[in-house]
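21 is the number of the first residue of the sequence shown in the numbering used here; add one for each residue after it.
Down below is the structure, laid out as structure tokens.
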Amino acid sequence: FADQHCFINCLPHPLVSSKKQASSELFQTDTPPELLFRCKTPPKMLVILNPRSGRGRSSKVFHDTVEPIFRLAGFRLEVVKTTSAGHARNLASTVDISICPDGIICVGGDGIINE
Numbered sequence: 021f022a023d024q025h026c027f028i029n030c031l032p033h034p035l036v037s038s039k040k041q042a043s044s045e046l047f048q049t050d051t052p053p054e055l056l057f058r059c060k061t062p063p064k065m066l067v068i069l070n071p072r073s074g075r076g077r078s079s080k081v082f083h084d085t086v087e088p089i090f091r092l093a094g095f096r097l098e099v100v101k102t103t104s105a106g107h108a109r110n111l112a113s114t115v116d117i118s119i120c121p122d123g124i125i126c127v128g129g130d131g132i133i134n135e
């Protein structure tokens, strides 16, 4: 992931008392991990994307590199591209929180954050 500027922080499990104790010892189950994770409701996020940011490359970078990572992690994304100055501000102030109860992701430069 480093060549794509994606970094993962691996922290020890907070309930593991020592480095010798495996995290798997804390939670014993015969249920495959895939089924445990499927039961959790996937996070729903709104993505506000400025397609003109990054010399016009932000949309391609997001859709080719970033979005697949979020999708693999189970996120459901509602992507909205801004069309003019102030559009991000209008979206953020009028958004129906039910479509993105878990957060808003801004893709762009400092302009989209300032809005």
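We put the beta carbon where it would ideally sit given N, CA and C, even for glycine.
CB contact flag (residue i, residue j, <7 Å)
i    : j    : result
P71  : D122 : no
S79  : G128 : no
E135 : R109 : yes
Proximity test, Cβ basis, 7 Å: residue i and chain B
i   : result
R96 : Judged by its chain identifiers, the structure shown contains no chain B, having just a single protein chain.
Through-space distance from residue j to residue i, alpha-carbon basis
i    : j    : result
Q74  : C120 : Sequence check: residue 74 is Gly here, not Gln. About 25 Å.
D130 : A105 : 13 Å
S113 : T85  : 28 Å
N95  : C126 : At residue 95 the sequence reads Phe, which differs from the Asn that was named. For F95 and C126, the distance between alpha carbons rounds to 15 Å.
F47  : H107 : Low local confidence applies: a pLDDT of 49 at F47 is under 50, so the model's placement there is unreliable, and no value is given.
I89  : G76  : 21 Å
D116 : T61  : 19 Å
H83  : E98  : 12 Å
V81  : S118 : 27 Å
Integer-rounded CB distance, given that residue j should sit under 8 Å from residue i
i    : j    : result
T103 : I68  : Rounded, the Cβ-Cβ distance is 11 Å, inconsistent with contact.
L111 : V100 : 6 Å
I132 : M65  : The pair is not a contact, with the Cβ atoms about 15 Å apart (cut-off 8 Å).
Unbroken alpha helix (DSSP H) run spanning residue i, endpoints
i    : result
V132 : The identity of residue 132 in the sequence shown is Ile, whereas the question assumes Val. Note, I132: alpha helix (DSSP H), 130 to 134.
Element boundaries [beta strand (DSSP E), containing residue i]
i    : result
C126 : 124 to 127
In chain order, which continuous runs of the alpha helix (DSSP H) of length 4 or greater are located wholly inside the segment 55 to 117?
78 to 81, 87 to 92, 107 to 114
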